[in-house]
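Protein chains: 2
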Amino acid sequence: MNYMNFKQEISNHFFKGHEIYLRNISVDCVIFGFDNNELKVLLLYAKYANLWSLPGGFVLQDEHMDESAKRILKERTGLDDIYMQQFHVFSHPARSTREINEQFLKNVGVRVKESWMFERFITVGYSALVNFPEVKPVPDVLSSSCEWFNIHDIPEMLLDHRDILKKALENLQTQLNYHPVGYNLLPEKFTMPELQKLYETILDRQLDRRNFQRKILSTGILKRLNETKKGVAHKAPWLYKFDLRKYQKALKGGMGFEL
Amino acid sequence: MNYMNFKQEISNHFFKGHEIYLRNISVDCVIFGFDNNELKVLLLYAKYANLWSLPGGFVLQDEHMDESAKRILKERTGLDDIYMQQFHVFSHPARSTREINEQFLKNVGVRVKESWMFERFITVGYSALVNFPEVKPVPDVLSSSCEWFNIHDIPEMLLDHRDILKKALENLQTQLNYHPVGYNLLPEKFTMPELQKLYETILDRQLDRRNFQRKILSTGILKRLNETKKGVAHKAPWLYKFDLRKYQKALKGGMGFEL
DNA sequence: TTTCATTGTGTTATTATAACACAATGATAA
DNA sequence: TTATCATTGTGTTATAATAACACAATGAAA
Chain A
-1 MNYMNFKQEI SNHFFKGHEI YLRNISVDCV IFGFDNNELK VLLLYAKYAN
49 LWSLPGGFVL QDEHMDESAK RILKERTGLD DIYMQQFHVF SHPARSTREI
99 NEQFLKNVGV RVKESWMFER FITVGYSALV NFPEVKPVPD VLSSSCEWFN
149 IHDIPEMLLD HRDILKKALE NLQTQLNYHP VGYNLLPEKF TMPELQKLYE
199 TILDRQLDRR NFQRKILSTG ILKRLNETKK GVAHKAPWLY KFDLRKYQKA
249 LKGGMGFEL
Chain Y
-1 MNYMNFKQEI SNHFFKGHEI YLRNISVDCV IFGFDNNELK VLLLYAKYAN
49 LWSLPGGFVL QDEHMDESAK RILKERTGLD DIYMQQFHVF SHPARSTREI
99 NEQFLKNVGV RVKESWMFER FITVGYSALV NFPEVKPVPD VLSSSCEWFN
149 IHDIPEMLLD HRDILKKALE NLQTQLNYHP VGYNLLPEKF TMPELQKLYE
199 TILDRQLDRR NFQRKILSTG ILKRLNETKK GVAHKAPWLY KFDLRKYQKA
249 LKGGMGFEL
């Protein structure tokens, strides 16, 4: 896409976007991944605002909002069929500003007097847990890059996106006690210490190795394979995989589980 | 208000409502009350749809959505300063229909060709727990009555309002384990059996009297008064009230509590 | 004065959690 | 070849939480 097409596209978005999207509503996604024993989130660098932002978008006229979130996830990561959930609605009247869009248009060099984009937006936060190595981050047209950030090392962010991120993390930490986590965050086969590290990373505290194993096994969501991790220094740990049937069941029904 | 004013108001709402409200977004409130040992919800009878509906409304241009929910609660119940929380966003593309509004306008006798009201609405569900005897139900302009219904005896409802109600109840039941409930649902002074009945009603199952008392007291949110309930057959139970400081703390921080 | 539905309280068995120690493994270094 | 050693696998025990259960006290109504 060349520069003129880009300007054309922006112009079209501001003038005609309200014909294909719902007004005053947006979706923002907090996409969690686990890599190198760190919990990470996928952020975009907004070219014209010069700030990092959450992958977001709008709701098509005939689209369920859950689908909007999945569409955004797919566009940024290439991933399909990922479980996503809404965690909060952010509706502070001053959370989005007309100024930020006007500045943006000025930088791009497009003149717009009135637009649905100048209006206030209420945003719904969705979160997803994805398998880090499968993701090929793709920036959107308004962004120059799409990168993973350690959850403890988040740069300055657009609007209230830092609050949204914070809420998503709190939500994930709470969910951890009642719902299984890991299927999307870990490779198919993984070791008990790896799973524990994931939990410790999300909760941001140490867990007892033996108690953790006992509890997680007691839920029945894991199956131990007849193989051990190869090419590892020291004693080779067993490999496990999720019992998908029981995992799904626990996702819906909850588990009653305290760490 | 006479009939002409009403038609005028409706007309104005359809033609000009989008100037004061956000588009495509609504708020629906599930207002729970406890009376006669029954959990009840406040519903409106929508005059022209001839169906019961949840009290709902729209978000003013410069209003936080939490405030919209509180405004709606205040209008229907007269109550102020009630803790409300969003519990889910409902966004099925077919959840609201143009037809229902056109039927409504036909019944009222107002002709409208295009209106923001004909568009699709995404709604955010808010729930509130209120003190039943304090409520003086007030129907809105589109409703002929505003009444309490037993949660187990809900009439046919508008759109997806039954789903919204169901979700609100499930949410309340889950919350019960982690957050204190009762301050808004019970009178200032209450007995232990009354509090237990409230919990049993919400959870829809029996609880052990002695274990319930032990657990609820162990949270520290209750203060036993030096008086007993008067005018009661059989042994007079002690009166309790909430320790508001600890109650509020438990509201925010959670309690870790299993029934 | 008796009746009786209801409240207040205590005990015990069972289960869950937290804290903790030592043997087994197997790559790496000596 | 053998010793080292970080790491994994597993078991025990003390403590706390939960579930199941029984009997005495009250006080209005009969």
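As you go down the protein sequences, you meet chains A and Y in turn.
Numbering of the first sequence is given in my numbering, commencing with residue -1 and proceeding in unit increments.
Numbering of the second sequence is given in my numbering, commencing with residue -1 and proceeding in unit increments.
Glycine included, each C-beta is placed from N, C-alpha and C at the ideal position.
Residues near residue i by beta carbon distance below 7 Å, same chain, minus five either side
i: Val106(Y); result: Lys5, Ile8, Tyr46
i: Trp114(A); result: Gly15, His16, Arg21
i: Asn148(A); result: Glu36, Lys38
i: Val57(A); result: Tyr19, Leu20, Ile23, Val25, Met63, Ser66
i: Glu186(A); result: Lys239
i: Glu225(Y); result: Leu237
i: Pro235(A); result: Thr189, Met190, Pro191, Thr226, Lys227
i: His90(Y); result: Asp158
i: Ser94(Y); result: Arg118, Phe119, Leu157
i: Glu145(Y); result: Leu41, Pro135
i: Ser141(A); result: Leu42, Tyr43, Ala44, Lys45
i: Pro137(A); result: Leu42, Ser143, Cys144
Distance between beta carbons of residue j and residue i, contact taken as under 8 Å
i: Tyr245(A); j: Arg222(A); result: The Cβ separation is near 15 Å, so there is no contact.
i: Ile120(Y); j: Ile23(Y); result: 6 Å
i: Pro153(Y); j: Trp50(Y); result: 5 Å
i: Phe40(Y); j: Ile29(Y); result: It should be pointed out that residue 40(Y) corresponds to Leu in this sequence rather than to Phe. Correct: roughly 4 Å between the Cβ atoms.
i: Leu52(Y); j: His159(Y); result: 5 Å
i: Asn99(A); j: Phe116(A); result: 6 Å
Buried or exposed by the 16-neighbour rule on C-beta atoms within 10 Å, applied to residue i
i: Pro178(Y); result: buried
i: Asn48(Y); result: exposed
i: Lys68(A); result: buried
i: Ala259(Y); result: Outside the modelled stretch of chain Y, which goes from -1 to 257, sits residue 259(Y), for which no answer is possible.
i: Thr75(A); result: buried
i: Asn209(Y); result: exposed
i: Gly229(A); result: exposed
i: Arg232(Y); result: In the sequence as presented, Arg is not what sits at residue 232(Y); that position holds His. His232(Y) should be labelled exposed.
i: Pro131(A); result: exposed
i: Ser143(Y); result: exposed
i: Asn182(Y); result: buried
i: Glu97(A); result: exposed
i: Ala92(Y); result: exposed
i: Leu215(A); result: exposed
i: Val122(Y); result: buried
i: Val139(A); result: exposed
Cβ-based neighbour list, residue i, same chain, cut-off 8 Å, excluding 5 preceding and 5 following
i: Leu205(A); result: Gln194, Tyr197, Glu198, Leu257
i: Met82(A); result: Cys27, Asp64, Ala67, Lys68, Leu71, Tyr124, Ser125, Ala126
i: Asn169(A); result: Phe85, His86, Ser125
i: Asp241(Y); result: Gly218, Ile219, Leu220, Lys221
i: Glu61(Y); result: Arg69
i: Leu103(Y); result: Ile8, Phe12, Arg109, Val110
i: Gln211(Y); result: Met190, Gln194
i: Gly54(Y); result: Ser24, Val25, Asp26, Cys27, Ile70, Thr121
Which residues DSSP lists as bridging residue i, in chain order
i: Val25(Y); result: Gly55(Y), Val122(Y)
i: Gly218(A); result: Answer is none; Gly218(A) lacks a bridge partner.
i: Leu42(A); result: Ser51(A), Cys144(A)
i: Met155(Y); result: Trp50(Y)
i: Val245(A); result: The sequence given here places Tyr at residue 245(A); Val does not occur at that position. None, per the DSSP bridge assignment.
i: Glu36(Y); result: Asp33(Y)
i: Lys239(A); result: Lys221(A)
i: Phe188(Y); result: Tyr238(Y)
i: Thr226(Y); result: Trp236(Y)
i: Tyr19(A); result: Leu58(A)
Close Cβ partners of residue i (< 6 Å) along its chain, the five nearest in sequence each way excluded
i: Gly218(Y); result: Lys244
i: Lys134(A); result: Gly76
i: Asp33(Y); result: Phe130
Practice problem: Would you mind listing the beta strand (DSSP E) stretches within the stretch 61 to 142 of chain Y that are 3+ residues and don't spill past its ends, in chain order? | Solution: Entirely contained in the stretch 61 to 142 of chain Y, the beta strand (DSSP E) runs reaching 3 residues are, in chain order, 82 to 88, 120 to 128.
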